[in-house]
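Some notes on the structure that comes next.
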Amino acid sequence: MVQGSAVRRRSSLTKFILRRIVISIPVIFLVATTTFFILRLAPGGPFLSERAIPPEIQANLQAKYGLDQPLLVQYGRYLSSLLRLDLGPSYKYPERTVNDIIREGFPVSLQLGLAALVIALLLGIPAGVFAAVKHRAVLDRLTMSVVMLGISLPTFVVGPMLIFVFSLTLYWFPPALWGEPSQLVLPAITLALPYSVYIARLTRTEMLEILDQDYIRTARAKGAGEFRVLWRHALNGGLLPVVSFLGPAVADLTTGSIVIEKIFAIPGLGRFFVESAFSRDYTTVMGTVLFYSVLLIGANLVVDILYRVLDPRIEYR
Amino acid sequence: MKIRVASIPQLAPDPVISSLSPRAVVWSRLSRDPWMMTCAIALGAVLLSTILAPWIAPYPYDQIELRLGASAPSWNHWMGTDTLGRDLLSRCFYGGQISIAVGVVGTLVSLVIGVLYGSISGYRGGRTDELMMRFVDLLYSLPYLFLVIILLVFFSSSILMLFVALGLVQWLTMARIVRGQVLSLKNAEFIQAARVSGTNDIGILFRHLLPNMAGPIVVYATLTVPSVILQEAFLSFLGLGVQPPRSSWGTLISDGAGVMGLFPWLVFFPAIALAVVLFALNFLGDGLRDALDPRQRHD
Numbered sequence: 032m033v034q035g036s037a038v039r040r041r042s043s044l045t046k047f048i049l050r051r052i053v054i055s056i057p058v059i060f061l062v063a064t065t066t067f068f069i070l071r072l073a074p075g076g077p078f079l080s081e082r083a084i085p086p087e088i089q090a091n092l093q094a095k096y097g098l099d100q101p102l103l104v105q106y107g108r109y110l111s112s113l114l115r116l117d118l119g120p121s122y123k124y125p126e127r128t129v130n131d132i133i134r135e136g137f138p139v140s141l142q143l144g145l146a147a148l149v150i151a152l153l154l155g156i157p158a159g160v161f162a163a164v165k166h167r168a169v170l171d172r173l174t175m176s177v178v179m180l181g182i183s184l185p186t187f188v189v190g191p192m193l194i195f196v197f198s199l200t201l202y203w204f205p206p207a208l209w210g211e212p213s214q215l216v217l218p219a220i221t222l223a224l225p226y227s228v229y230i231a232r233l234t235r236t237e238m239l240e241i242l243d244q245d246y247i248r249t250a251r252a253k254g255a256g257e258f259r260v261l262w263r264h265a266l267n268g269g270l271l272p273v274v275s276f277l278g279p280a281v282a283d284l285t286t287g288s289i290v291i292e293k294i295f296a297i298p299g300l301g302r303f304f305v306e307s308a309f310s311r312d313y314t315t316v317m318g319t320v321l322f323y324s325v326l327l328i329g330a331n332l333v334v335d336i337l338y339r340v341l342d343p344r345i346e347y348r
Numbered sequence: 008m009k010i011r012v013a014s015i016p017q018l019a020p021d022p023v024i025s026s027l028s029p030r031a032v033v034w035s036r037l038s039r040d041p042w043m044m045t046c047a048i049a050l051g052a053v054l055l056s057t058i059l060a061p062w063i064a065p066y067p068y069d070q071i072e073l074r075l076g077a078s079a080p081s082w083n084h085w086m087g088t089d090t091l092g093r094d095l096l097s098r099c100f101y102g103g104q105i106s107i108a109v110g111v112v113g114t115l116v117s118l119v120i121g122v123l124y125g126s127i128s129g130y131r132g133g134r135t136d137e138l139m140m141r142f143v144d145l146l147y148s149l150p151y152l153f154l155v156i157i158l159l160v161f162f163s164s165s166i167l168m169l170f171v172a173l174g175l176v177q178w179l180t181m182a183r184i185v186r187g188q189v190l191s192l193k194n195a196e197f198i199q200a201a202r203v204s205g206t207n208d209i210g211i212l213f214r215h216l217l218p219n220m221a222g223p224i225v226v227y228a229t230l231t232v233p234s235v236i237l238q239e240a241f242l243s244f245l246g247l248g249v250q251p252p253r254s255s256w257g258t259l260i261s262d263g264a265g266v267m268g269l270f271p272w273l274v275f276f277p278a279i280a281l282a283v284v285l286f287a288l289n290f291l292g293d294g295l296r297d298a299l300d301p302r303q304r305h306d
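For the record, the sequence lines run as chains P and E. Read the first sequence against the working numbering and you will find it ends at 348, with the numbers running on by one and no gaps. Read the second sequence against the working numbering and you will find it ends at 306, with the numbers running on by one and no gaps.
This is the structure in structure tokens:
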């Protein structure tokens with residue numbers, strides 16, 4: 032009986048995952064199509080820079096990349112190369128393909144994002160639990176005010192502030208660049224702070240609700256210690272909203288790192304994206320957006336699966 | 008006649024509160040809270056100073072005085088001057104105008120789209136609802152900021168484009184909230200009564216449903232304003248926001264951050280202005296949510 036329902040659950044989970052993957056395909060197609068046409072319909076082009084290029088050379092360049100073909104032909108070519116997972120050559124860095132750029136930049140952004148995520152969870156969850164336990168006391172107000180201050184300061188204020196204090200005054204960490212573990216500290220903390228704030232608020236709200244519930248009273252009545260009640264019984268349910276927040280958080284952590292990468296001169300994908308947008312490097316812009324879309328859809332799917340595993344009350348649809 | 012669902016559960020044993028209308032209850036809760044009032048007053052002061060900028064700013068925001076250069080705060084320039092000798096206090100007043108306008112207009116754009124979309128989806132129900140909400144789910148999984156950056160780089164980074172782009176990003180959550188509210192209200196007795204008495208769908212939506220969902224909508228809008236302001240600042244930092252000589256708090260901060268080691272006041276004052284407004288809005292939004300929560304009525 033129990034086993035039967037477990038099997039049914041597993042097969043419906045598989046169905047759920049398959050369905051989501053099938054739905055994602057048209058979305059990715061839609062993203063590719065919209066970015067393609069937005070970029071082409073906008074005035075300007077990759078080879079119309081301030082430097083005057085002789086018209087013959089420009090015509091040659093256009094021809095080399097097929098930019099002189101009718102728009103629909105270009106679109107067809109772009110889609111067919113996408114099917115081969117080829118994002119095309121970069122116009123700005125002719126010696127590299129967009130695939131190369133992503134392969135180079137993404138691991139950097141990923142490391143930064145993951146480090147920030149870990150820091151955000153380590154700061155946010157305890158702060159939220161603490162505020163919930165001290166509900167309505169001065170300490171709750173104080174914790175939540177500090178937390179709120181965290182959202183109210185944009186990362187590009189916090190970043191330079193941390194550089195100013197910890198590298199230029201105290202000489203604890205290097206102010207910029209990438210490669211050493213010590214160079215990861217300041218940017219990761221800067222990126223993590225706003226997310227730790229959201230996580231703290233979510234945890235606090237949910238914990239407040241849960242601490243009122245019967246099963247917590249039962250756990251207390253059974254004589255479980257306060258520590259155990261909090262961290263085992265209550266927090267298990269209290270983390271559900273945090274888990275569902277992680278999907279959008281991954282999205283924000285990847286896009287939020289654009290600014291961090293600029294402040295700390297980190298060679299991540301976000302910086303490549305902004306640079307290529309400014310220099311109208313069509314293929315790199317399209318490739319990066321597409322890559323991030325796939326990444327986000329994947330991250331959201333993983334979060335949804337996690338959520339369903341953690342909360343057995345949820346039905347698969 | 009408006010019937011407020013929030014007033015139906017009679018949980019309030021407190022004689023003072025139970026005799027008040029829901030709006031009065033919310034107001035009394037907020038006004039008794041010194042933190043909330045402090046936030047409201049601070050917010051009001053900043054708002055007033057930005058609205059009155061043309062009259063109270065001591066200098067024009069674009070008056071350059073190269074001889075002065077970046078000077079520290081003094082009697083003539085309370086917040087000092089920037090590297091071109093422009094008065095920072097005046098620039099903060101005018102910068103606030105743009106930052107707050109972007110926040111409010113962006114929120115309004117998201118409000119209109121989100122409320123319409125969410126209420127149609129929830130009210131229609133069935134397959135339409137399913138389809139419309141799937142679409143929202145899909146849009147959620149797009150790298151939005153990247154699309155905004157594309158729009159701003161490849162078209163113009165005019166203020167109008169900024170309004171539209173930021174509003175377009177924000178409506179998704181609003182749509183979800185509104186849809187949830189409509190779903191929970193649309194079968195309530197007073198809606199059935201309205202329908203029986205011959206009110207059409209549009210009348211039901213605007214006359215009966217919307218007024219009853221005002222609470223959650225206002226709360227979420229209050230929390231959207233700071234996030235739009237922050238996003239404008241973020242885009243300005245990348246050089247995509249407001250273009251010089253005009254400036255928002257975001258551009259002021261990003262200009263100041265570059266020379267922070269030498270002239271710290273250039274980043275300090277605009278950052279304080281931005282932080283005060285964001286802090287106050289976030290705090291008020293949270294407080295409003297708690298005050299509107301009918302489950303808390305009994306305390």
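From the three backbone atoms N, C-alpha and C, an ideal C-beta is built for every residue, glycine too. In this text, all values refer to a predicted model and were calculated from it rather than measured experimentally.
When DSSP labels each residue in this structure, what does residue i get in the three-state scheme?
| i | result |
| --- | --- |
| E:Asp293 | helix |
| P:Thr285 | helix |
| P:Leu117 | The residue asked about is misnamed: residue 117 of chain P is Asp in this sequence, not Leu. Of the three classes helix, strand and coil, the one that applies to P:Asp117 here is coil, per DSSP. |
| E:Thr365 | The shown model of chain E, from 8 to 306, leaves out residue 365 of chain E, and the question about it has no answer. |
| E:Asp94 | strand |
| P:Lys46 | helix |
| P:Ala296 | coil |
| E:Leu216 | helix |
| E:Ser254 | coil |
| P:Ala308 | helix |
| E:Gln188 | helix |
| E:Tyr130 | helix |
| P:Gly155 | helix |
| E:Asn207 | coil |
| E:Gly110 | helix |
Taking 8 Å as the CB-CB cut-off, is residue i touching chain C?
| i | result |
| --- | --- |
| P:Met238 | The structure shown has no chain C; the protein chains it does contain are P and E. |
From what residue to what residue does the alpha helix (DSSP H) around residue i run?
| i | result |
| --- | --- |
| P:Glu126 | No alpha helix (DSSP H) holds P:Glu126; DSSP gives it neither H nor E. |
| E:Gln70 | From DSSP, E:Gln70 is part of no alpha helix (DSSP H); its letter is neither H nor E. |
| E:Pro41 | 41–58 |
| E:Arg141 | 133–147 |
| E:Pro80 | Counting along the chain, E:Pro80 falls outside any alpha helix (DSSP H), and DSSP gives it neither H nor E. |
| E:Ser165 | Careful: E:Ser165 lies outside any alpha helix (DSSP H) and carries neither H nor E. |
| P:Thr174 | 169–183 |
| E:Met267 | From DSSP, E:Met267 is part of no alpha helix (DSSP H); its letter is neither H nor E. |
| P:Tyr246 | 245–252 |
| E:Ile198 | 196–203 |
| P:Gly269 | 266–269 |
| P:Phe187 | 186–193 |
Just mark residue i as buried or exposed, buried being the case when its beta carbon has 16 or more other beta carbons within 10 Å.
| i | result |
| --- | --- |
| P:Met175 | buried |
| P:Arg235 | buried |
| P:Lys46 | exposed |
| E:Ile15 | In this predicted model, E:Ile15 has a pLDDT of only 45, less than 50, meaning its place in the structure is not dependable; the value taken from the coordinates is given anyway. The residue is exposed, with fewer than 16 neighbouring Cβ atoms inside 10 Å. |
| P:Leu199 | exposed |
| P:Gly254 | exposed |
| E:Gly87 | buried |
Residues in its own chain within less than 6 Å of residue i by CB, not counting five upstream and five downstream?
| i | result |
| --- | --- |
| P:Phe351 | This structure gives no information on residue 351 of chain P, because the portion of chain P shown stretches from 32 to 348. |
| P:Ile336 | none |
Excluding the five sequence neighbours on either side, which residues of its own chain have a C-beta within less than 7 Å of the C-beta of residue i, listed in chain order?
| i | result |
| --- | --- |
| P:Ser121 | Arg127, Thr128, Val129, Ile132, Asp312, Thr314, Thr315 |
| P:Arg251 | Val260 |
| E:Asp172 | It is Ala, not Asp, that sits at residue 172 of chain E in the sequence shown. The residues are Val155, Leu158, Leu159. |
| E:Phe244 | Gly257, Ser261 |
Could you name the residues of the same chain whose beta carbon sits closer than 8 Å to that of residue i, not counting the 5 residues immediately before and after it, in chain order?
| i | result |
| --- | --- |
| E:Thr114 | Gly174, Gln177, Ala228, Thr231, Val232, Val235 |
| E:Met181 | Ser117, Leu118, Ile120, Gly121, Val122, Gly125, Ile224, Tyr227, Ala228, Thr231 |
| E:Thr135 | Ile127, Ser128 |
Check whether the Cβ of residue i lies closer than 7 Å to any heavy atom of the ligand SAH, and answer yes or no.
| i | result |
| --- | --- |
| P:Tyr124 | This structure simply doesn't include the ligand SAH, nor any ligand for that matter. |
- Message: Using a Cβ-Cβ cutoff of 7 Å, what residues of the segment 327–343 of chain P are near chain E? List them in chain order.
- Response: Leu327, Ile328, Asn331
- Return the residues of the segment 42–69 of chain E that lie within a Cβ-Cβ distance of less than 9 Å from chain P, sorted by chain order. Trp42
- Task: Can you give me, in chain order, the residues of the segment 295–313 of chain P that have a beta carbon less than 7 Å from any beta carbon in chain E?
- Result: Phe304, Val305, Ala308, Phe309
- Query: When you check each C-beta in the segment 82–112 of chain E against every C-beta of chain P, which residues fall closer than 7 Å?
  - Reply: none
- Message: Give me the subset of the segment 154–168 of chain E whose CB atoms are less than 8 Å from a CB atom of chain P, sorted by chain position.
- Response: Leu154, Ile156, Ile157, Leu158, Val160, Phe161, Phe162
- Item | Interface positions of the segment 243–263 of chain E facing chain P (Cβ-Cβ less than 7 Å), listed along the chain | Phe244, Leu245, Ile260, Ser261
- Message: Counting only Cβ-Cβ distances shorter than 7 Å, please list the residues of the segment 180–205 of chain P near chain E, keeping chain order.
- Response: Leu180, Ile182, Ser183, Leu184, Pro185, Phe187, Val188, Pro191, Phe195, Leu199
- Item | Residues of the segment 212–231 of chain E with Cβ closer than 9 Å to any Cβ of chain P, in chain order | none
- Item | Under 9 Å (Cβ pairs) to chain E, residues found in the segment 56–77 of chain P | Pro57, Val58, Leu61, Val62, Thr65, Thr66, Ile69, Leu70, Leu72, Ala73, Pro74, Gly75
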